[in-house]
Amino acid sequence: MIDERDLSRFLHTRACMMLMLVVACVLVTVAYLRGDVTELCDPVGIGVTPLTAWTGISPASLILSLAATASMGLIIIYLNRAFNVFRSLTSIVAGLFFIMQTALPSVMGRFYGGDVMGVLMLVNVVLLFSSWSDATSQRRIFLIFFLLSLAAFTDLAYLLYMPVFMLGCVQMRIFNLRTFLAAGMGVLTPPWILFGFGLVDISTLHIPPLMVAWSLFDTPEVIKALVVTGVTLALGVGFTVANLMKILSYNSRVRAFNGFLTLLLFATGAFAIINFNNFSFYIPLLNCMTAYQIAHFFTYRRSRRSYIPILLIIGLYIGFYVWAIS
199 MIDERDLSRF LHTRACMMLM LVVACVLVTV AYLRGDVTEL CDPVGIGVTP LTAWTGISPA
259 SLILSLAATA SMGLIIIYLN RAFNVFRSLT SIVAGLFFIM QTALPSVMGR FYGGDVMGVL
319 MLVNVVLLFS SWSDATSQRR IFLIFFLLSL AAFTDLAYLL YMPVFMLGCV QMRIFNLRTF
379 LAAGMGVLTP PWILFGFGLV DISTLHIPPL MVAWSLFDTP EVIKALVVTG VTLALGVGFT
439 VANLMKILSY NSRVRAFNGF LTLLLFATGA FAIINFNNFS FYIPLLNCMT AYQIAHFFTY
499 RRSRRSYIPI LLIIGLYIGF YVWAIS
């Protein structure tokens, strides 16, 4: 007979994480073959053709999206191993993220800007965390803002994250005049290159609307996605509040890391509301940050029956998947 403690421990293992990835890939592939993968929202590019237009809904798009999801899971595990944000080794954060992605086949089943944004943001988080209290970190800060500025030509939403990472510099104790100038140079370099070499024509630039597009509610798929996104955001906020006291007990370095990840969660949720007509763009990163908060909670609460609420959360998102393809 399986011991409950063994089952709880198994959920934190790499083997369980790989099992969840396989399950997620199979379920999303089934949804793709059934024709249940659709475009939820229109991209809001301002100068470069959005990624959705490059690949459409095709087998190549499915493979690229699965690869992006797997990459995000691996990066969030690396974050914990490199910076000890959980104060304990676990792989459950990636496993939960994979299952949460499965809830919306239209997100995980096609390659689009949200996939790139999720990977890019986590790479930027690694660069930011590696700059902790480092007076010579200007090159990494330049790279962070260079990537955000360059990506903004494919989707304006990247600009919203610039103040977030500037606050991150404050949290990492590296904010000074040189850091500010490095960030400014990072923002200005991509347009200087793109306009200077004629890669982007200034006359083609446009500012898309950021306010609510109420016509979205006419699509059943979008309504389902909104419900799932709302539940994910509620879970993220709830587990963040539950983790606050534990985070406050960490040293200043780990508090700063957890504080920025919390800031990233709340900012992503707020941006999804503000930029409502492109809310699906934020779903992969929102799922990842929520999975982080859930995993953090259960990492330091590995009780004998902690597997029960974890399995309930997994069951909830599998239920959302069934609802999405029904």
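Using my numbering, read the sequence shown as starting at 199 and increasing by one per residue. Ideal Cβ placement from N, Cα and C applies to all residues, glycine included. In this text the structure is predicted, and so the values were computed from the model without any measurement.
Nearest to GLY233 by C-alpha distance, out of ARG308, TYR356, THR211 and ASN473, is ARG308.
Leaving aside the five residues that flank PHE496 on each side, the residues in its chain whose CB is nearer than 7 Å to its CB run, in chain order, ILE290, SER504 and ILE508. Burial is judged here by how many other beta carbons sit within 10 angstroms of a residue's own beta carbon; ILE297 has at least 16 and is buried. The three-state reading of DSSP puts SER259 in helix, counting H, G and I together. The region 355 to 367 and the region 316 to 326 touch, with three or more beta-carbon pairs separated by less than 8 Å. Around the beta carbon of TYR498, fewer than 16 other beta carbons sit within 10 angstroms, so the residue counts as exposed. By the Cβ-count criterion, ARG338 is buried, with 16 or more other Cβ atoms from all chains shown falling within 10 Å of its own Cβ. Spanning the alpha carbons of PRO257 and TYR310 requires a straight line of approximately 13 Å.
Assignment of alpha helix (DSSP H) within the region 270 to 302, counting only whole runs of 4 or more residues, yields 290 to 300 in chain order. A straight-line Cα-Cα distance of about 11 Å links PHE464 and ALA432. Considered as a whole, the region 423 to 480 harbours no complete run of any beta strand (DSSP E) with no fewer than 3 residues.
ASN278 and ARG502 have their C-alpha atoms some 23 Å from each other. Annotation: CYS214 to PRO389 spans about 44 Å, alpha carbon to alpha carbon. Looking from the CA of ARG285, the closest CA among PRO482, PHE474 and ARG451 belongs to ARG451.
A direct Cα-to-Cα measurement between ILE471 and GLU419 gives close to 18 Å. Take the alpha-carbon of ALA265 and the one of VAL305: they are about 13 Å apart. Taking C-alpha positions only, VAL314 is separated from ARG207 by approximately 32 Å. When the five nearest sequence neighbours on each side are left out, the beta carbons in the same chain lying within less than 7 Å of the beta carbon of ILE492 are those of LEU294, LEU433, PHE437 and ILE511, in order along the chain.
A buried status is given to SER263, since no fewer than 16 other beta-carbon atoms sit within 10 Å of its beta-carbon. Assigned with DSSP and collapsed to three states, THR236 falls in coil, not helix or strand. The shortest CA-to-CA distance from LEU341 to any of CYS486, MET383, ALA454 and PHE373 is the one to MET383.
In this chain, the alpha helix (DSSP H) harbouring ILE339 covers 336 to 349. Per the coordinates, the alpha-carbon of ALA355 lies some 9 Å from the alpha-carbon of ALA349. With 16 or more neighbouring CB atoms inside 10 Å of its own CB, ASP353 falls in the buried class. For the pair SER478 and GLY312, the CB atoms are nearer than the 9 Å cut-off. Ranked by Cα distance from THR377, the first of THR334, LEU358 and TYR359 is THR334. In this structure ILE421 does not touch ALA229 by the C-beta definition: roughly 17 Å separates them, more than the 8 Å allowed.
Under the DSSP assignment, ASN322 falls in the alpha helix (DSSP H) whose first and last residues are 311 to 327.
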